[in-house]
Amino acid sequence: MGSAVRTVAARVAGGILVVWAAATCAFLVLQLIPGDPVNSIIGSNALVSPEQRAEIRHQYGLDLPFAAQYLAYLGRLATGRLGDSYQLQQPVSEVIAGQLGPTAQLALAATVLALVLSVAVTVATSGRAAWPRRVSGVVELLVVSTPSFWLGIMLLTVFSFRLGWLPVSDSGDARSLILPAFTLALPIAAVLSQVMREGLLGALEQPFVLTARARGLPERTVRSRHALRHAALPALTLAGWFTGTLLGGAVVVENVFARSGVGRITLQAVADRDLPVVQGVVALSAVVFVAVSALVEVLYAVVDPRLRRRTGVTAA
Amino acid sequence: MSPRRTAVTAAVLSLLSLAVAACGSPAAPANPSGSGATGAAEPRAGGAVTHATGKEPDCWDPHASAQDVTAYLQRPVYDSLVYQAPDGKLSPWLATGWKVGADGKEYTFTLRQDVTFHDGGKLDAEAVKANFDHITAKKTQSQYAAGLLGPYEGITVSGPYEVKVRFSRPYVPFLQAASTTFLGIASPASLKAGADKLCAGQSVGSGPFKAGDYVRGQQRLYTRNPDYRWGPEATGRTGPAPLDSVKVRFIPEAATRVGALTSGQVDSADGIPATQKALIERDQRLSVLEGQVPGAVDAFYLNTKSPLFSDKRVREAFQRAIDLDALVKSVFQGANARAWSLLSPTTPDSYDASLEGTWPPDRALAERLLDEAGWTGRDAEGYRTKDGRRLSVVAPVYGEASTFSQAVQGDLKKVGIHFDLKASTDATEVSTMLDEGRYDVVELSWARADGDILSHFFFSTESSVGGGHNFAKVADPEVDKWLTGAQTTGEPAERAALYAKVQKWALDNAAAVPAYVTTQTVGFSKKVHGLRLNIASWPEFAAASVEAS
Numbered sequence: 001m002g003s004a005v006r007t008v009a010a011r012v013a014g015g016i017l018v019v020w021a022a023a024t025c026a027f028l029v030l031q032l033i034p035g036d037p038v039n040s041i042i043g044s045n046a047l048v049s050p051e052q053r054a055e056i057r058h059q060y061g062l063d064l065p066f067a068a069q070y071l072a073y074l075g076r077l078a079t080g081r082l083g084d085s086y087q088l089q090q091p092v093s094e095v096i097a098g099q100l101g102p103t104a105q106l107a108l109a110a111t112v113l114a115l116v117l118s119v120a121v122t123v124a125t126s127g128r129a130a131w132p133r134r135v136s137g138v139v140e141l142l143v144v145s146t147p148s149f150w151l152g153i154m155l156l157t158v159f160s161f162r163l164g165w166l167p168v169s170d171s172g173d174a175r176s177l178i179l180p181a182f183t184l185a186l187p188i189a190a191v192l193s194q195v196m197r198e199g200l201l202g203a204l205e206q207p208f209v210l211t212a213r214a215r216g217l218p219e220r221t222v223r224s225r226h227a228l229r230h231a232a233l234p235a236l237t238l239a240g241w242f243t244g245t246l247l248g249g250a251v252v253v254e255n256v257f258a259r260s261g262v263g264r265i266t267l268q269a270v271a272d273r274d275l276p277v278v279q280g281v282v283a284l285s286a287v288v289f290v291a292v293s294a295l296v297e298v299l300y301a302v303v304d305p306r307l308r309r310r311t312g313v314t315a316a
Numbered sequence: 001m002s003p004r005r006t007a008v009t010a011a012v013l014s015l016l017s018l019a020v021a022a023c024g025s026p027a028a029p030a031n032p033s034g035s036g037a038t039g040a041a042e043p044r045a046g047g048a049v050t051h052a053t054g055k056e057p058d059c060w061d062p063h064a065s066a067q068d069v070t071a072y073l074q075r076p077v078y079d080s081l082v083y084q085a086p087d088g089k090l091s092p093w094l095a096t097g098w099k100v101g102a103d104g105k106e107y108t109f110t111l112r113q114d115v116t117f118h119d120g121g122k123l124d125a126e127a128v129k130a131n132f133d134h135i136t137a138k139k140t141q142s143q144y145a146a147g148l149l150g151p152y153e154g155i156t157v158s159g160p161y162e163v164k165v166r167f168s169r170p171y172v173p174f175l176q177a178a179s180t181t182f183l184g185i186a187s188p189a190s191l192k193a194g195a196d197k198l199c200a201g202q203s204v205g206s207g208p209f210k211a212g213d214y215v216r217g218q219q220r221l222y223t224r225n226p227d228y229r230w231g232p233e234a235t236g237r238t239g240p241a242p243l244d245s246v247k248v249r250f251i252p253e254a255a256t257r258v259g260a261l262t263s264g265q266v267d268s269a270d271g272i273p274a275t276q277k278a279l280i281e282r283d284q285r286l287s288v289l290e291g292q293v294p295g296a297v298d299a300f301y302l303n304t305k306s307p308l309f310s311d312k313r314v315r316e317a318f319q320r321a322i323d324l325d326a327l328v329k330s331v332f333q334g335a336n337a338r339a340w341s342l343l344s345p346t347t348p349d350s351y352d353a354s355l356e357g358t359w360p361p362d363r364a365l366a367e368r369l370l371d372e373a374g375w376t377g378r379d380a381e382g383y384r385t386k387d388g389r390r391l392s393v394v395a396p397v398y399g400e401a402s403t404f405s406q407a408v409q410g411d412l413k414k415v416g417i418h419f420d421l422k423a424s425t426d427a428t429e430v431s432t433m434l435d436e437g438r439y440d441v442v443e444l445s446w447a448r449a450d451g452d453i454l455s456h457f458f459f460s461t462e463s464s465v466g467g468g469h470n471f472a473k474v475a476d477p478e479v480d481k482w483l484t485g486a487q488t489t490g491e492p493a494e495r496a497a498l499y500a501k502v503q504k505w506a507l508d509n510a511a512a513v514p515a516y517v518t519t520q521t522v523g524f525s526k527k528v529h530g531l532r533l534n535i536a537s538w539p540e541f542a543a544a545s546v547e548a549s
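Protein sequences appear in the order of chains U and S.
FYI, in the UniProt record's numbering the residues of the first sequence are 1 to 316.
FYI, in the UniProt record's numbering the residues of the second sequence are 1 to 549.
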């Protein structure tokens, strides 16, 4: 019991360290980018006096020394108040919170879709015949190498503009989630199915499969109940990459499909040099990564009973 | 064929059929009921229109924001004291009239007495004062509206429905400024809600539409104000808008915006790229509206004090060496017109049409002028030199150099001028170069429906250091006199004559090279009637209606 508490405490401390490091990097990078943030606050079309400039500089604390700005930033981060956006004149936490819903919806839909697609493709192409593997291998390679911007525009052109089956995003219409979710899910599904097929084929050569077959289990059960679990382990290891793809992909997908969300405001914030929003998004991404890593840890134990005793994490 | 080859072929073929489906199949009619002749149906009351736009305001408070898109998307919600018609004429709106004091420094506005804000508040002198006080308050951090007020001194309430606005010197452009959304009149109660609420789009005005639901990154709804009775007389429509509602959707990607229009998912869309215009014009169900943006056109301002350009011959060579007719046509594919004056033809009472055709491209002349100025040598790359120095024209660019300026670069090389585009994302670096005068050329445009925009560029006091835009570093007492004169006289013809002098002077002295006039292109379904472009060339919905579908 004591060791379990220690393990959890170590995990939490590690997580905090990761978030702090990411936030510090974001702060440093944005400090090092040359240019006066006041210019980005007032924009290029502005008609303002030098006095007003100084006033703005003071209001956002940009006249403080470097160390003071950093400490103030960490203080805000710790309390969850991320300061005010330069452009939107609203607290960053509110700006991001207001956009989390649509992005979470999109990411969740894409994740489910990617998992379903990859498992289906894996099971369907890991049979005795080699040609389904070859076909799907080529298709997977093509999908992975297709820029999601192009893929999104193509899907839109065909299914929305030409066939009229699905609308361009509309907050009131759930059908508008389908195309963006596919655009985001396809490259992930392609990589996952490649990895899982490798794993499945490897597992099928293991002695326990022979045992299962000898017990007279049907081939379908052998594959889906026993071998697929083994194949899932290498796929789980990809969770970090998977999360990154979802977050990065959301930026492209949300803009192509005109969906609201964190990706949309991220792109706008980067273009407008809205530093507090960029820093907030980085901090949020770090938190998501830490949470996903913890979840993967748990899932390892669920999928592979051999790991349960060692990590001290009990899978319910 | 080996199994591997078959697989590759199959995959390629399936991709091809996808591509063919995307390019080849004819568009399915999205609105099968639209079978009647175009525009024949009677406009009716009611209905809704969905409009797609590319940009979304960062801040929705026009008193604080400097964004064009804020002024555009808040026009349906906020009325102004003065109305400016698409031809530039100023007429009463929330103000029934105005008087200018004998010294030209004081404007007395009398207000309508029947105007109610969307929250039920009444428009009166105190309400107008509250708006001016909000614009000029330090806390508002106005990026544009306060600047539009020029030499503003203050506002006083001189009666329940009368205000006096005072300036430190005569300032005629104030009336046009008062007609913009930037100086729009908000409900005084709404102004107390705080900057974050106002910026987030909690807007209460007295306009034909009320600000409805807003989802950032998605859409903004406008609902009809049924009590509206105070539309500008000059529009011929003073009552409520025909449409029940307008939904504006923010679709940043131009291809998606155009696709949404051609597939009938939106009824109109602005910011149509030049390359897509023909596609929309060919579509039987769609139509296009175009308007040239008024104000200062995209132009190169030449630093008349730089070591290189203090020689007028070199400036003139730069002016005439660029084949603007050909460049503008090829870069913008006919969407934007080549400019002959610093002002756009749609700028009211100020554009000098007599300048058209007076300074055609003349490469031979440019070569001769450069020879005369002593730039006779040539270096290994073919650029002209003098005393071993290359003829390099330095142009600081914030961000990325545009396709157009790169085309200009190629053209100037033909006469041996090195157009050195110093693109930088470092705003400090760029503004330091500007402040210290270490540049030869600055390229920019500035939309505003008044010839007074020239003051920002040529008043001797408008230096870059003070936040002004006199990039040509013009300090000519005569130019100052013309510009002040145009700010002082209320007579449109007199103002036009004075602005014409400034436009001609700038060309004769090669202080600037006007390049092209930006055109706004709006595509819309033919079922939408009464949609038009306002003076700032933004689509306006107050008079729009839609056929029953």
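Just so it is clear, CB atoms sit at the ideal spot from N, CA and C, and this is done for glycine as well.
Quantities reported herein were computed from a predicted structural model and do not represent experimental measurements.
N- and C-terminal bounds of the beta strand (DSSP E) containing S/K99: In the DSSP assignment, S/K99 falls within the beta strand (DSSP E) that extends over 95 to 100.
Paired residues, beta bridge with S/V49 - DSSP: S/V246
Buried/exposed call for U/P218, threshold 16 Cβ in 10 Å: exposed
Within chain C, the residues that S/Q520 reaches when beta carbons sit closer than 8 angstroms: The chain inventory of the structure shown lacks chain C, comprising the protein chains U and S.
Beta-carbon proximity of S/A145 to S/F182, cut-off 8 angstroms: yes
Touch test, the region 286 to 306 of chain S against the region 339 to 352 of chain S, Cβ-Cβ under 8 angstroms, three pairs minimum: yes
Rounded straight-line distance, which links the Cα of U/F149 to that of S/P29: Low per-residue confidence applies at S/P29: pLDDT is 34, beneath 50, and the placement is therefore not dependable, though the value from the model is reported in the following sentence. Using only the alpha carbons, I get a separation of about 27 angstroms.
Residues that S/P252 contacts on chain U, provided the C-beta gap is smaller than 7 angstroms: N255, A258
DSSP-derived helix/strand/coil call for U/G202: helix
Closer than 7 angstroms at the beta carbon, the chain U residues around S/K138: E55
DSSP bridge partner residues for S/L533 (one or two, in chain order): S/P539
Helix, strand or coil at S/P92 [DSSP, three-state]: strand
Cβ of S/D196 within 8 angstroms of any chain U Cβ: Taking 8 angstroms as the threshold, the shortest C-beta distance from S/D196 to chain U falls below it.
Chain S residues whose Cβ lies nearer than 7 angstroms to that of U/F161: G259, T262, S263
Length-filtered (4 minimum) alpha helix (DSSP H) runs lying within the region 225 to 311 of chain S: The alpha helix (DSSP H) runs of length 4 or more contained entirely in the region 225 to 311 of chain S are, from start to end of the chain, 254 to 262, 274 to 282.
Chain U contacts made by the region 210 to 233 of chain S, where a contact means CB separation under 9 angstroms: So the close ones are V215, R216, G217, Q218, Q219.
Alpha-carbon to alpha-carbon, U/L284 and U/L275: If I take the Cα positions, the gap works out to 14 angstroms.
Spatial neighbours of U/V18 in its chain, beta-carbon cut-off 8 angstroms, leaving aside the 5 residues before and after: A286, F289, V290
Length-filtered (3 minimum) beta strand (DSSP E) runs lying within the region 404 to 472 of chain S: You should have 418 to 424, 441 to 447.
Three-way DSSP call (helix, strand, coil) for U/T146 in this model: coil
Buried or exposed (CB count within 10 angstroms, at least 16 for buried), U/H58: exposed
Buried/exposed call for S/T403, threshold 16 Cβ in 10 Å: exposed
Continuous beta strand (DSSP E) stretch holding S/Y83: start and end: 82 to 84
Opposing strand residues paired with U/A235 [DSSP bridges]: DSSP output for U/A235 lists no bridge partner at all.
Limits of the unbroken alpha helix (DSSP H) element including S/G492: The amino acid occupying residue 492 of chain S in the given sequence is Pro; Gly does not appear at that position. Counting along the chain, the alpha helix (DSSP H) containing S/P492 begins and ends at 492 to 508.
C-beta atoms of S/D325 and S/R315 nearer than 8 angstroms: no
Proximity to S/G150 [Cα-Cα], best of S/I135, S/E126, S/S268, S/A335: S/I135
From S/E281, S/Y351, S/L498, residue whose alpha carbon lies closest to that of S/R448: S/Y351
Bounding residues of the beta strand (DSSP E) (the contiguous stretch that carries S/L111): Where S/L111 is concerned, the enclosing beta strand (DSSP E) starts and stops at 106 to 111.
Anticipated Cβ contact below 8 angstroms, S/R320 with S/D362, distance rounded: 5 angstroms
Neighbourhood of S/N336 by C-beta distance below 7 angstroms, restricted to the same chain and skipping five residues each side: V328, Y516, V517, T518, T519
Contact set between U/G261 and chain S, taken where Cβ atoms lie within less than 7 angstroms: G217
Run of the beta strand (DSSP E) containing S/E153, from where it starts to where it stops: 152 to 159
U/T157 at chain S interface by Cβ criterion, 8 angstroms: yes
Cβ neighbours of S/E290 in the same chain (closer than 6 angstroms, five flanking residues each side left out): These residues qualify, in order along the chain: T519, T521.
Cβ neighbours of S/C59 in the same chain (closer than 6 angstroms, five flanking residues each side left out): S65, C199
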